[in-house]
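The sequence shown begins at 129 in the numbering used here and counts up one residue at a time.
Notes follow the structure.
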Amino acid sequence: MHAWPASEVPALPGQGRDLRIHDTATGGPVTLQPGPVARIYVCGITPYDATHMGHAATYNAFDLVQRVWLDTKRQVHYVQNVTDVDDPLLERAQRDDVDWVELAERETVLFREDMTALRMLPPRHYIGAVEAIPGIVPLVERLRDLGAAYELDGDVYFSVGSDPHFGEVSHLDAEAMRLLSAERGGDPDRPGKKNPLDPVLWLAARDGEPSWDGGSLGRGRPGWHIECVAIALDHLGMGFDVQGGGSDLAFPHHEMGASHAQVLTGEFPMAKAYVHAGMVALDGEKMSKSKGNLVFVSRLRRDGVDPAAIRLALLAHHYRSDWEWTDQVLQDAVARLGRWRSAVSRPDGPPADALVEEIRDALADDLDAPAALAAVDRWAALQQERGGEDTGAPGLVSRAVDALLGVAL
Ligand code: 5CA
Ligand code: ZN
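Printed below as a string of structure tokens:
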């Protein structure tokens, strides 16, 4: 699949910082020191509905990770998937009586447009589940040959008992795992499983559903977790720097992925840091496609909202906190964008070298975007109150805000 166009990232004077970030698996901050090429896998959308503010907030967090790395003059290898075949997509297509391929394509096109408008850096490899099937099948066969997978009425399940590290990403107790598994695509109550938590690796073909050649597995379609493992291992290899997603992916998705990869390679963990963004809510409930309480990026854009203001609204919240989308959040962002634009449109201003360092420090400290915004606010207020003589300052602020925060002033 092709990704979306990249926006230019201006180079800044001075030295970038190494990123210290909260890792769900160790439960604390880790300072990442990637080589010259930093590697990141961010779980992509299941394209059955348009990009909502929750998705946008999560992708914003991982865009910041990359901007911090780029500022250290590293290259970034960024991989993202599209879960373009899975139960929720097929169910929605059936409900709306549309072709599942068309639904997935339409929503993926819209997602790309939203990401472009929000100036999110594109992945180097943007890979659909369907196109990954030839790589998924041999991994499932290998898990089976290793004794880590078993068959149940033609479907193939992964045995979580085969991984000594199982549970070390999310650190949940058995009851919590069971509840979340039922909520998030698992089938803990299916009779005949070795462990209720065991996730499906390969689902045998069913009437009325798409299926593909699975070699010795028979016709069918892939499970969700093995999809991301196959794509990540193929394009990044083991031990990449960050696997990212919203906090609802910690269990089961990232836990199961780490488990599959551990059994396949004998290495743990697949990612050096498991990074999770908080959930965005609307009217007190997590924004979700299944609940339908959504504010769409595309809708706001159609209503004439500047994408830079949407981005500032996201940046005003720490990525790890759960927060609520309200009209006020957007109004505040529009007002801030206006203040910043007016401040950088003057021919001179207060010196801004210290501001660049403040933004760098804030982001390197677990992506503290709100602190970065507060620093720019202070510079803009000073500009407003007293102005300044530095003719390079407005341009420098503009470039720093663009390079580090993805906001075009
Ligand atoms: N295709 C899978 C990942 S492989 C998937 O979870 N797709 S998704 O479309 O449901 O979600 C895409 C990303 O948005 C995930 O990282 C998910 O955690 C995140 N996300 C979904 N809802 C919210 C929300 N309300 N707030 C913040 N992030 C969210
Ligand atoms: Zn994923």
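Just so you know, even glycine gets a beta-carbon here, dropped at the ideal spot from N, CA and C.
Since this is a predicted model, take the numbers as computed values, not measurements.
Cβ-based burial, residue i [other Cβ within 10 Å; buried from 16]
i           : result
residue 412 : exposed
residue 274 : exposed
residue 141 : exposed
residue 380 : buried
residue 461 : buried
residue 201 : exposed
residue 172 : buried
residue 281 : exposed
residue 520 : exposed
residue 319 : exposed
Residue i: CB within 8 angstroms of a non-hydrogen atom of the ligand ZN
i           : result
residue 150 : no
residue 377 : yes
residue 186 : no
residue 352 : yes
residue 211 : yes
residue 388 : no
residue 343 : no
residue 381 : yes
residue 172 : yes
residue 553 : Residue coverage of the chain in this structure runs from 129 to 537, which leaves residue 553 outside it and unanswerable.
residue 373 : yes
Supposed close pair residue i, residue j - CB separation, criterion 8 angstroms
i           : j           : result
residue 210 : residue 251 : With 8 angstroms as the limit, residue 210 and residue 251 do not qualify as a contact, their Cβ atoms being about 10 angstroms apart.
residue 149 : residue 255 : Actually they are not in contact, since the Cβ atoms of residue 149 and residue 255 sit about 24 angstroms apart, beyond 8 angstroms.
residue 449 : residue 404 : Not quite, the Cβ-Cβ distance comes to about 12 angstroms (not below 8 angstroms), so this is no contact.
residue 373 : residue 382 : 7 angstroms
residue 147 : residue 197 : 7 angstroms
residue 509 : residue 533 : About 18 angstroms; that fails the 8 angstroms criterion.
C-beta contact flag for residue i and residue j at 9 angstroms
i           : j           : result
residue 345 : residue 268 : yes
residue 265 : residue 385 : no
residue 417 : residue 160 : no
residue 511 : residue 478 : yes
residue 435 : residue 247 : yes
residue 441 : residue 458 : yes
residue 186 : residue 447 : yes
residue 476 : residue 513 : no
residue 356 : residue 206 : no
residue 184 : residue 425 : yes
residue 178 : residue 212 : no
residue 410 : residue 453 : yes
residue 286 : residue 353 : yes
residue 223 : residue 491 : no
Heavy atom of the ligand 5CA within 8 angstroms of residue i beta-carbon
i           : result
residue 355 : yes
residue 258 : no
residue 193 : no
residue 314 : no
residue 180 : yes
Report the start-end ranges of each beta strand (DSSP E) in the stretch 198-225 that is 3 residues or longer and not cut off at the edges. 203-210
Quick one: complete alpha helix (DSSP H) runs, 4+ long, within the stretch 417-466? 425-430, 435-443
Quick one: complete alpha helix (DSSP H) runs, 4+ long, within the stretch 338-369? Annotation note: the stretch 338-369 contains the following uninterrupted alpha helix (DSSP H) runs of length 4 or greater, listed N- to C-terminal: 352-363.
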